[in-house]
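So the protein lines, in turn, are chains A and B. Just so it is clear: in the first sequence, position 32 is 32 by our numbering, and no numbers are missing. Just so it is clear: in the second sequence, position 212 is 212 by our numbering, and no numbers are missing. Virtual Cβ for every residue (Gly too), placed ideally from N, Cα, C. Keep in mind it's a predicted model, so treat the numbers as computed, not measured. What follows is a set of notes on a single structure, which appears directly below.
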Amino acid sequence: MKEEIIIAGFGGQGVLSMGKILAYSAIMQDMEVTWMPSYGPEMRGGTANVCVILSDKKIGSPIVTKYDTAIILNQQSMDKFEQTVKPGGWLVYDPSGITRHPSRTDINICRIDAIEGAARIGNSKVYNMVVLGGFLAVKPIVSLENVEKGLGKSIPARYSSLIPMNKAAIEDGMEHVEIVHRI
Amino acid sequence: MAEKILMKGNEAIAISAIRNGVDGYFGYPITPQSEVMETLMKEKPWETTGMVVLQAESETSSINMIYGGASCGKKVMTSSSSPGISLMCEGISYIAGAELPCVVVDVMRGGPGLGTIQPSQSDYNQIVKGGGHGDYHNIVLAPASAQDMYDFVDWGFDLAFKYRNPVVILADGIIGQMMEKVEMHEMKPRRTAEEILKAAPWATTGKPSTRERNIITSLSLDADIQEKFNRKLKNKYEVIEENEVKFSEYMTEDAEYVFVAFGCSSRICEAVVDELRAEGIRAGLLRPITLWPFPFGEIARLAKQCRSMMSIELNLGQMVHDVRLAAGGTCPVGFYGRQGGNIYTPEEIVGEFKKFNGLA
Chain A
1 MKEEIIIAGF GGQGVLSMGK ILAYSAIMQD MEVTWMPSYG PEMRGGTANV
51 CVILSDKKIG SPIVTKYDTA IILNQQSMDK FEQTVKPGGW LVYDPSGITR
101 HPSRTDINIC RIDAIEGAAR IGNSKVYNMV VLGGFLAVKP IVSLENVEKG
151 LGKSIPARYS SLIPMNKAAI EDGMEHVEIV HRI
Chain B
1 MAEKILMKGN EAIAISAIRN GVDGYFGYPI TPQSEVMETL MKEKPWETTG
51 MVVLQAESET SSINMIYGGA SCGKKVMTSS SSPGISLMCE GISYIAGAEL
101 PCVVVDVMRG GPGLGTIQPS QSDYNQIVKG GGHGDYHNIV LAPASAQDMY
151 DFVDWGFDLA FKYRNPVVIL ADGIIGQMME KVEMHEMKPR RTAEEILKAA
201 PWATTGKPST RERNIITSLS LDADIQEKFN RKLKNKYEVI EENEVKFSEY
251 MTEDAEYVFV AFGCSSRICE AVVDELRAEG IRAGLLRPIT LWPFPFGEIA
301 RLAKQCRSMM SIELNLGQMV HDVRLAAGGT CPVGFYGRQG GNIYTPEEIV
351 GEFKKFNGLA
């Protein structure tokens with residue numbers, strides 16, 4: 001099993017940390033991982049993206065151009081990455097701020113309104129965990145139990161009291177993801 | 001089994017320095033390697049192992065702090081990226097000339113000049129062929145993963161002290177910025193004063209009445225003495241070339257076509273080999289792990305076995321000259337590269353490979 005994922009949005013949406021939590025969750029179930037961020041000027045207030053690869057085997061190239069899943073959180077990223085999803089793959093997106101919705105018919109598409117989800121939880125900072133929940137609902141590559149362990153590894157010990165809230169956000173996302181197109 | 005931690009290559013360098021008993025780190029921030037010093041500052045090793053971490057006022061200053069620390073037999077290191085390494089080259093030449101051990105990490109970005117902050121391998125010539133003035137060699141290690149970054153710090157210091165020679169860990173923006181899982185080994189304590197005397201009897205640690213004074217210098221005004229010293233270096237370099245070459249091979253056993261690539265490019269070429277094998281083309285990969293000493297012998301052996309070779313580098317073609325030298329005209333040696341911080345994809349390399357070999 002190998003899953004190549006691009007997560008893309010604005011800096012501040014928690015794109016990089018979502019990737020890190022996903023990577024740590026995969027380590028908890030003994031998978032190989034690579035996490036390769038965009039770095040440099042585009043991070044400062046602009047778009048941020050990270051390529052996460054999870055695999056049962058040793059990972060060769062950490063750089064890929066086609067993805068099994070694209071998780072897209074703003075219009076710029078939609079324009080850049082919609083065409084990079086492999087046929088039959090998944091596109092997960094947050095519709096808020098999206099003016100040109102995805103139009104491909106050869107991929108699976110689902111939407112997750114994570115701002116609403118974070119509001120239900122009562123903390124805007126768990127936005128990215130709602131998105132992660134949406135993704136895991138359609139692609140359960142890591143178990144919720146391992147995600148919880150991954151959270152424990154990613155979040156500094158002094159914030160460990162926040163793990164239940166993050167878990168609740170993931171569950172909220174899993175519950176509220178909406179499938180738009182299924183091939 | 002040791003715990004596996006997810007970390008960036010740059011973080012692995014810093015954590016490994018602390019855990020392997022490094023005495024001092026002196027550096028100056030520059031993308032894409034700033035996480036090395038950031039991590040050290042966050043970990044505050046001066047409160048645990050007693051390791052010194054210092055942000056110097058410039059790269060010139062930090063390499064000369066290394067010169068001073070190394071003269072005292074301490075395990076000292078620095079890190080920077082391409083433009084910063086250029087500033088350090090004078091100091092590295094002096095360190096080579098004074099025969100001192102140290103580890104320098106170069107997380108390459110695109111050049112020349114300030115260039116770009118994206119990954120590149122365009123400083124192969126600079127680091128492998130010297131960088132500073134004079135007849136000298138750095139021992140050059142090329143990591144291809146976060147685990148390598150962790151492991152090469154300890155290996156680098158072993159080599160540096162064994163041969164009293166600067167060691168450069170030549171990484172790139174991908175290896176520095178990418179997170180992977182890293183297995184950490186047992187902690188090594190810092191050397192005690194007695195252990196330093198044993199590991200570095202040449203060090204300037206204070207002259208006892210029982211021996212002559214130790215002198216650390218790279219200056220000699222007498223031509224005959226300097227020539228004698230140059231020949232002594234040459235002998236040392238021959239021993240290193242004889243004993244320290246390291247490389248790895250992927251699917252070369254029956255390979256008709258061999259790629260040669262180091263660092264991040266070797267990772268990408270593994271995917272290329274997989275793709276070509278899936279098409280029934282017998283491709284393989286040789287990854288030099290030490291760039292100096294270079295695996296001339298193994299490349300020469302493979303050149304006799306294969307139809308052609310291709311050197312794949314993130315530059316305009318630098319290592320390819322060493323590959324051609326090694327192949328010695330036995331087989332054609334092609335080159336493909338990207339520059340400016342752009343990265344090739346496996347598919348792109350497959351296309352270039354087929355063009356070069358007339359298989360398209």
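Over what stretch of residues does the alpha helix (DSSP H) that includes residue i continue unbroken?
{"i": "B:LEU197", "result": "193–199"}
{"i": "A:ALA168", "result": "163–176"}
{"i": "B:SER86", "result": "82–97"}
{"i": "B:ILE30", "result": "B:ILE30 -> no alpha helix (DSSP H), and no H or E assigned at all."}
{"i": "A:VAL131", "result": "127–138"}
{"i": "A:ASN78", "result": "Checking the sequence shown, residue 78 of chain A turns out to be Met, not Asn. Segment 75–81, the alpha helix (DSSP H) holding A:MET78."}
{"i": "A:LYS58", "result": "From DSSP, A:LYS58 is part of no alpha helix (DSSP H); its letter is neither H nor E."}
{"i": "B:GLU242", "result": "223–243"}
{"i": "B:ALA203", "result": "Where B:ALA203 is concerned, there is no enclosing alpha helix (DSSP H), given that its DSSP letter is neither H nor E."}
Is DSSP giving residue i helix, strand or coil here?
{"i": "B:ILE312", "result": "strand"}
{"i": "B:PRO119", "result": "strand"}
{"i": "A:TYR24", "result": "helix"}
{"i": "B:ARG324", "result": "helix"}
{"i": "A:ARG120", "result": "helix"}
{"i": "A:ASP68", "result": "strand"}
{"i": "B:ASP106", "result": "strand"}
{"i": "B:GLY69", "result": "helix"}
{"i": "B:PRO346", "result": "helix"}
{"i": "B:ASP158", "result": "helix"}
{"i": "B:GLN147", "result": "helix"}
{"i": "B:ARG287", "result": "strand"}
{"i": "B:THR78", "result": "strand"}
{"i": "B:GLU186", "result": "coil"}
{"i": "B:ASP172", "result": "strand"}
{"i": "B:CYS331", "result": "coil"}
{"i": "A:GLU145", "result": "helix"}
{"i": "B:VAL128", "result": "helix"}
{"i": "B:THR39", "result": "helix"}
{"i": "B:TYR25", "result": "strand"}
{"i": "B:PRO45", "result": "helix"}
{"i": "A:ILE63", "result": "coil"}
Starting from the Cα of residue i, find the closest Cα among the options and give me that residue.
{"i": "A:ILE163", "options": "A:HIS101, A:MET129, A:THR105 and A:ILE53", "result": "A:MET129"}
{"i": "B:VAL239", "options": "B:ALA96, B:GLU43 and B:LYS162", "result": "B:LYS162"}
{"i": "B:ARG301", "options": "B:GLU347, B:THR252, B:LYS74 and B:PRO346", "result": "B:THR252"}
{"i": "B:GLY24", "options": "B:MET65, B:MET149 and B:GLU279", "result": "B:MET65"}
{"i": "A:LYS66", "options": "A:LYS86, A:GLN13 and A:SER103", "result": "A:LYS86"}
{"i": "A:ALA114", "options": "A:GLN13, A:LYS2, A:GLU4 and A:MET1", "result": "A:GLN13"}
{"i": "A:MET28", "options": "A:PRO156, A:ALA157, A:SER143 and A:GLU171", "result": "A:SER143"}
{"i": "B:PRO112", "options": "B:GLN126, B:TYR150, B:GLU99 and B:LEU100", "result": "B:GLN126"}
{"i": "B:MET37", "options": "B:THR49, B:ILE13 and B:VAL22", "result": "B:ILE13"}
{"i": "B:THR210", "options": "B:PRO201, B:THR217, B:ILE216 and B:SER218", "result": "B:PRO201"}
{"i": "B:ILE139", "options": "B:GLY73, B:SER93 and B:GLN118", "result": "B:SER93"}
{"i": "B:VAL323", "options": "B:PRO119, B:VAL258 and B:SER80", "result": "B:VAL258"}
{"i": "A:GLY60", "options": "B:ASP123, B:LEU285, B:GLU47 and B:SER308", "result": "B:LEU285"}
{"i": "A:GLU178", "options": "A:ALA119, A:GLY11 and A:ARG111", "result": "A:ARG111"}
Assuming residue i and residue j form a contact by the criterion Cβ under 8 Å, report the distance between their Cβ atoms to the nearest whole angstrom.
{"i": "B:GLY176", "j": "B:ASN10", "result": "5 Å"}
{"i": "B:THR166", "j": "B:CYS89", "result": "The amino acid occupying residue 166 of chain B in the given sequence is Pro; Thr does not appear at that position. B:PRO166 to B:CYS89, Cβ: 11 Å. No contact."}
{"i": "B:PHE26", "j": "B:SER62", "result": "4 Å"}
{"i": "B:ALA327", "j": "B:VAL320", "result": "The pair is not a contact, with the Cβ atoms about 10 Å apart (cut-off 8 Å)."}
{"i": "B:ILE196", "j": "B:THR205", "result": "7 Å"}
{"i": "A:MET31", "j": "A:ASP56", "result": "6 Å"}
{"i": "A:ARG138", "j": "A:TRP90", "result": "Here the sequence assigns Val to residue 138 of chain A, which means Arg is not the residue at that position. Contact flag correct, Cβ pair sits at about 6 Å."}
{"i": "B:TYR124", "j": "B:ASN315", "result": "6 Å"}
Which chain B residues are close to residue i, counting only those with a beta carbon under 8 Å from its beta carbon?
{"i": "A:THR65", "result": "THR345 and GLU347"}
{"i": "A:LYS20", "result": "LEU6 and MET179"}
{"i": "A:ALA157", "result": "Near A:ALA157 there are no residues of chain B at all, since even the closest Cβ is about 14 Å away, more than 8 Å."}
Residues of chain B with a CB under 7 Å from the CB of residue i: which are they?
{"i": "A:ILE27", "result": "LYS4, LEU6 and LYS181"}
What residues of chain B sit near residue i, judged by a beta carbon separation below 9 Å?
{"i": "A:MET36", "result": "ILE174, GLN177, MET178 and MET179"}
{"i": "A:VAL33", "result": "LEU6, MET179, GLU180 and LYS181"}
{"i": "A:ALA23", "result": "LEU6, MET179, GLU180 and LYS181"}
If the cut is a Cβ gap below 8 Å, which residues of chain A does residue i touch?
{"i": "B:ALA271", "result": "GLY60 and SER61"}
{"i": "B:ASP274", "result": "GLY60"}
Taking Cβ-Cβ distances shorter than 7 Å, what residues in chain A pair up with residue i?
{"i": "B:PRO32", "result": "TYR39"}
Just curious, the beta strand (DSSP E) that residue i is in, first and last residue?
{"i": "B:ARG301", "result": "Here B:ARG301 belongs to no beta strand (DSSP E); instead the alpha helix (DSSP H) covers 296–305."}
{"i": "A:ALA48", "result": "47–55"}
{"i": "B:SER248", "result": "247–250"}
{"i": "B:VAL52", "result": "52–55"}
{"i": "A:ASN108", "result": "108–111"}
Name the chain A residues that come within less than 9 Å of residue i, Cβ to Cβ?
{"i": "B:ILE268", "result": "GLY60, SER61, PRO62 and ILE63"}
With hydrogens ignored, establish whether the beta-carbon of residue i is closer than 7 Å to any heavy atom of the ligand HEM.
{"i": "B:ILE127", "result": "Summarising the ligand content, the structure contains no ligands, and the ligand HEM is consequently not present."}
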